[in-house]
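Chains as they are written, first to last, in this note's numbering: chain R, 1 to 203; chain G, 1001 to 1203; chain P, 2001 to 2203; chain V, 3001 to 3203.
Think of the CB as a built atom: it goes at the ideal place given N, C-alpha and C, for glycine as much as any other residue.
Number of protein chains: 4
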Amino acid sequence: MARSMAPKQDTAARILEAADEVIGEVGYDAASVADIAARAQVNKALVFYYFNSKPELLERVLERYYTAHAEALAAAVASTGSLRDRLHNMMDAYMDFIAANRRYPRLVQHLVSSGDVHHVLIQRNLRPLFEWITNALGDAVPASGHLAARQFFVTFSGAVINYFTYAPVLENMWGEDPLSDHSLAERRAHLHWMVDTFLDALA
Amino acid sequence: MARSMAPKQDTAARILEAADEVIGEVGYDAASVADIAARAQVNKALVFYYFNSKPELLERVLERYYTAHAEALAAAVASTGSLRDRLHNMMDAYMDFIAANRRYPRLVQHLVSSGDVHHVLIQRNLRPLFEWITNALGDAVPASGHLAARQFFVTFSGAVINYFTYAPVLENMWGEDPLSDHSLAERRAHLHWMVDTFLDALA
Amino acid sequence: MARSMAPKQDTAARILEAADEVIGEVGYDAASVADIAARAQVNKALVFYYFNSKPELLERVLERYYTAHAEALAAAVASTGSLRDRLHNMMDAYMDFIAANRRYPRLVQHLVSSGDVHHVLIQRNLRPLFEWITNALGDAVPASGHLAARQFFVTFSGAVINYFTYAPVLENMWGEDPLSDHSLAERRAHLHWMVDTFLDALA
Amino acid sequence: MARSMAPKQDTAARILEAADEVIGEVGYDAASVADIAARAQVNKALVFYYFNSKPELLERVLERYYTAHAEALAAAVASTGSLRDRLHNMMDAYMDFIAANRRYPRLVQHLVSSGDVHHVLIQRNLRPLFEWITNALGDAVPASGHLAARQFFVTFSGAVINYFTYAPVLENMWGEDPLSDHSLAERRAHLHWMVDTFLDALA
DNA sequence: GATGAATGAGCGTTCATTCAT
DNA sequence: AATGAATGAACGCTCATTCAT
Chain R
1 MARSMAPKQD TAARILEAAD EVIGEVGYDA ASVADIAARA QVNKALVFYY
51 FNSKPELLER VLERYYTAHA EALAAAVAST GSLRDRLHNM MDAYMDFIAA
101 NRRYPRLVQH LVSSGDVHHV LIQRNLRPLF EWITNALGDA VPASGHLAAR
151 QFFVTFSGAV INYFTYAPVL ENMWGEDPLS DHSLAERRAH LHWMVDTFLD
201 ALA
Chain G
1001 MARSMAPKQD TAARILEAAD EVIGEVGYDA ASVADIAARA QVNKALVFYY
1051 FNSKPELLER VLERYYTAHA EALAAAVAST GSLRDRLHNM MDAYMDFIAA
1101 NRRYPRLVQH LVSSGDVHHV LIQRNLRPLF EWITNALGDA VPASGHLAAR
1151 QFFVTFSGAV INYFTYAPVL ENMWGEDPLS DHSLAERRAH LHWMVDTFLD
1201 ALA
Chain P
2001 MARSMAPKQD TAARILEAAD EVIGEVGYDA ASVADIAARA QVNKALVFYY
2051 FNSKPELLER VLERYYTAHA EALAAAVAST GSLRDRLHNM MDAYMDFIAA
2101 NRRYPRLVQH LVSSGDVHHV LIQRNLRPLF EWITNALGDA VPASGHLAAR
2151 QFFVTFSGAV INYFTYAPVL ENMWGEDPLS DHSLAERRAH LHWMVDTFLD
2201 ALA
Chain V
3001 MARSMAPKQD TAARILEAAD EVIGEVGYDA ASVADIAARA QVNKALVFYY
3051 FNSKPELLER VLERYYTAHA EALAAAVAST GSLRDRLHNM MDAYMDFIAA
3101 NRRYPRLVQH LVSSGDVHHV LIQRNLRPLF EWITNALGDA VPASGHLAAR
3151 QFFVTFSGAV INYFTYAPVL ENMWGEDPLS DHSLAERRAH LHWMVDTFLD
3201 ALA
């Protein structure tokens, strides 16, 4: 006899998911463990049973993204071919990842802008991409100066990430929902245009 | 009998400045009114005497930036001449403003990524710039699609703002301090290069 | 117009008194700040407003005893005359002090037997008496060995303090209430007999 | 197939031993069942399986001491001969018992000074000794007054027990470790001297 | 204007205990 | 006999806010 139609997902996973949601919605500090437990429909003490503290819970949430991030970008990282192709591939992979993990950019920017405490965790998540871009651009750009790879890392990642974090703020000024499929496709096209424009200019 | 010749800075202003600092350092939620009062060296109750609540205090902090922002950009907004000149002017004005208000980008991104509660306040601060770019680009870009003004707004503002917010996180991977005068000049050059590259491509 | 007949004792003092009572009754660990606040008829948060933490509250309770202890013994400490007289004086002073501070012995023994955490606080309270006995006995006893002053310190202080802490436990086996005036007088006579007996033997 | 030849110590006994240790170290209230289970290397729920509650666990710990106590003192209790010999015998037996059960005095004093809740348990442990002394002293002392047997019970037991409980506190003021073999021998000599002195005086 | 005192609600965390397996 | 999961109550402590002076 089936106990329940909804096959009660693993409890720890449900808490993690709830933490991800709540922290993503209101930020780490404003997210209370009680909120998270309520969202996960578990007893508050159980959160501490599985994850020992609130900071550790955050760590585990980020760890999950770190892994997902790495997996999502693996193919693009491994891809060979022209620099142009590789950049376009990566841009697509990155957009795909965020489209599938809508809370990720907000979480990252929240932690980045919430004091030094969480910077180490964030670095871990950003470093692979930073290093990939540095390697990919390689000889195409100078090692230092205003066209150095690191400048492009900030510009590119800002162009992607900020689109998502600012979306809800811009919704009013925008003609339409910036997170609709149509708008996302438009943004993606803009980013690809930007990649091409930069590469043409560097050539 | 005059207690002091040096006219002790206006109390409300000192509280506002302290609020700006503390919130900028640890974020709105983690900043306690007690911390702010201590930083301003005033009694905790006095914070509520001048600003009625913590949210209102935040409003006033943002309002101060709104004004400063408007003033700082006024000349660039009013400037006439070629589109190229006007964009370069604005970019410089924006960088100057942030260089003089280092806590501003972090505060904005913190609030953007801390839940819908604060979005209205942020919108007020961003809208003027959004409208200026839309007007300035005018006929140079299509009204919609991946080259619409709004796309450039996100790309430009992200390229400026994220540089500052990610600076402390990137410091390790960076060769040097991203907020040194030298690094800032490099970033400024990168942004100008980006403006020129975009305009050339649009032509 | 008189606000109240009961002249509402200073709040901090009321909390301190309540802490003393509650901790004295059930021990430090079992005494909750909520209990203490309730006993003092104040808001729980107020306990932290005046004393910053539970450990600090305990410190202040002990500090109060340290002072009272010192004052109560001052005359006996200062007294000159024969060793015999001085010891009898001190014994009386000590009994008087404890009779007036009935919770003191239980508190001390509780902290002594509750792990190393509190030993420093206790040492501070015991040291003066230890040093006084060492000095007072002086040449009357050898510097080391089974008749050294330190041996008498333990024997004397145990004979006084244990009487009070064991009183409630012994009540059943005892013929009468060990804390009645009559019983206390009997104990006091026993202690003086002990002093005389020891001195005679040492002579 | 036998998992182990060395018949792993009975689980319940291991829990009891762990409870003894942990409670002896930090006191009953500060000792958590989780700590005890961890120390015994068993599952927390198992503690409740064998001992139904935390108070019952304490009871069993004390019961163990009651038995050990009785056994250790049995010979001295049964011994015949002069009062002087019997008292010296008992003093030695008591010191031997505590030297072999170092946590016992701290536990007893902790419970004595931790509220009335535990007094019944303690009485059970103390009564045999109380009655033995009363009987042993018999006609040598008056039935009541400051030389009654009960006075000597408190003085003797305090002189023994307090030495052990105050040892860690006194270590600083002491010239050496009060629990070293040498120091313990010294204390023992002091106690025997005290017995002789008292008997001589009573004669 | 400015302060110290006071409060109720909520925080993250730990507790002894229970239960299904 | 033994375990991992689960829970409600309580813990010490901090919070934004109010109020009398």
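{"Query": "Between LEU3073 (chain V) and PHE3097 (chain V), how many whole angstroms is the CB-CB distance? I'm expecting something under 8 Å.", "Result": "7 Å"}
{"Query": "Is the separation between the beta-carbon of ALA1140 (chain G) and that of LEU1202 (chain G) shorter than 8 Å?", "Result": "yes"}
{"Query": "PRO2168 (chain P): buried (16+ other C-beta within 10 angstroms of its C-beta) or exposed?", "Result": "buried"}
{"Query": "So the candidates are V:ALA3040, V:ASN3101, V:ASN3172 and V:ASP3181; which of them puts its Cα closest to the Cα of PHE2130 (chain P)?", "Result": "V:ASN3172"}
{"Query": "Would you list, in chain order, the members of the region 164–181 of chain R that have their beta-carbon closer than 8 Å to a beta-carbon of chain G?", "Result": "THR165, TYR166, PRO168, VAL169, LEU170, ASN172, MET173, TRP174 and GLY175"}
{"Query": "What are the uninterrupted segments assigned as alpha helix (DSSP H) that are 4 or more residues long and contained completely in the region 35–76 of chain R, given in chain order?", "Result": "44–50"}
{"Query": "Against chain R, with Cβ distances strictly below 8 Å, would ASN1162 (chain G) count as a contact?", "Result": "yes"}
{"Query": "To the nearest angstrom, how far is it from the Cα of SER1079 (chain G) to the Cα of ARG1086 (chain G)?", "Result": "7 Å"}
{"Query": "Output needed for ALA1148 (chain G): all residues of its chain with C-beta closer than 7 Å, excluding positions within five of it in sequence on either side, in chain order.", "Result": "VAL1141 and PRO1142"}
{"Query": "Determine whether the beta carbon atoms of GLY3145 (chain V) and GLU2017 (chain P) lie at a separation below 8 Å.", "Result": "no"}
{"Query": "Using beta-carbon positions only, say whether SER114 (chain R) and VAL1033 (chain G) come within less than 8 Å of one another.", "Result": "no"}
{"Query": "So, using beta-carbon positions, are ALA100 (chain R) and ALA75 (chain R) closer together than 8 Å?", "Result": "no"}
{"Query": "List, in order along the chain, the chain R residues whose C-beta lies closer than 8 Å to that of THR1011 (chain G)?", "Result": "Neighbours of THR1011 (chain G) on chain R: none; closest Cβ ~27 Å, over 8 Å."}
{"Query": "Output, in chain order, the set of chain G residues within a Cβ distance shorter than 7 Å of GLY138 (chain R).", "Result": "Near GLY138 (chain R) there are no residues of chain G at all, since even the closest Cβ is about 16 Å away, more than 7 Å."}
{"Query": "Note down, in chain order, every chain G residue with its Cβ under 7 Å from the Cβ of PHE198 (chain R).", "Result": "THR1197"}
{"Query": "Measuring only the C-alpha atoms, how far is VAL3042 (chain V) from ARG3064 (chain V)?", "Result": "20 Å"}
{"Query": "Tell me the rounded alpha-carbon separation between THR197 (chain R) and PHE1198 (chain G).", "Result": "7 Å"}
{"Query": "Pull up the CB-CB distance for ALA1159 (chain G) and ALA159 (chain R), whole angstroms please, since I reckon it's below 8 Å.", "Result": "7 Å"}
{"Query": "To the nearest angstrom, how far is it from the Cα of GLN151 (chain R) to the Cα of TYR1166 (chain G)?", "Result": "12 Å"}
{"Query": "Please confirm whether ASP1020 (chain G) has its beta-carbon closer than 8 Å to some beta-carbon of chain R.", "Result": "no"}
{"Query": "Give the secondary structure of GLY1105 (chain G) by DSSP, where H, G and I count as helix, E and B as strand, and everything else as coil.", "Result": "Rather than Gly, the amino acid found at residue 1105 (chain G) in this sequence is Pro. Here PRO1105 (chain G) sits in helix by DSSP."}
{"Query": "Reducing DSSP to helix, strand and coil, say where LEU2199 (chain P) ends up.", "Result": "helix"}
{"Query": "Along the alpha helix (DSSP H) that carries MET1091 (chain G), what are the first and last residues, could you check?", "Result": "1083–1100"}
{"Query": "Does DSSP put GLU131 (chain R) in a helix, in a strand, or in coil?", "Result": "helix"}
{"Query": "Please confirm if VAL1112 (chain G) has its CB atom under 8 Å from at least one CB of chain R.", "Result": "yes"}
{"Query": "In angstroms with no decimal places, state the Cα-to-Cα distance between TRP3193 (chain V) and ALA3012 (chain V).", "Result": "43 Å"}
{"Query": "Are ALA2019 (chain P) and VAL2061 (chain P) touching if we call contact CB-CB under 8 Å?", "Result": "yes"}
{"Query": "Using a Cβ-Cβ cut-off of 7 Å (strictly less than) and excluding sequence neighbours within five positions of ALA2189 (chain P), which residues of its own chain qualify?", "Result": "none"}
{"Query": "Distance check for ILE3161 (chain V) and HIS3069 (chain V), CA to CA, integer angstroms please.", "Result": "14 Å"}
{"Query": "Would DSSP call GLY2176 (chain P) helix, strand or coil?", "Result": "Strictly speaking, residue 2176 (chain P) in this sequence is Glu, with Gly absent from that position. GLU2176 (chain P): coil per DSSP, three-state reduction."}
{"Query": "For THR2134 (chain P), collect the residues of the same chain with a Cβ closer than 8 Å to its Cβ; drop the 5 residues on either side in sequence, then sort them by chain order.", "Result": "ALA2149, ARG2150 and PHE2153"}
{"Query": "Looking at the C-beta of VAL2026 (chain P), does it have a partner C-beta in chain V at a distance below 8 Å?", "Result": "yes"}
{"Query": "Would you mind telling me which residues of chain P sit closer than 7 Å to ARG3103 (chain V), beta carbon to beta carbon, in chain order?", "Result": "Those within 7 Å of ARG3103 (chain V) in chain P number zero; the least Cβ separation is about 10 Å."}
{"Query": "Taking 8 Å as the CB-CB cut-off, is PHE2236 (chain P) touching chain V?", "Result": "Since the displayed chain P opens at 2001 and closes at 2203, residue 2236 (chain P) lies outside it and no answer follows."}
{"Query": "For chain G, is any of its Cβ atoms less than 8 Å away from the one on GLN41 (chain R)?", "Result": "no"}
{"Query": "Check GLN2009 (chain P) in the structure and name its three-state DSSP category.", "Result": "coil"}
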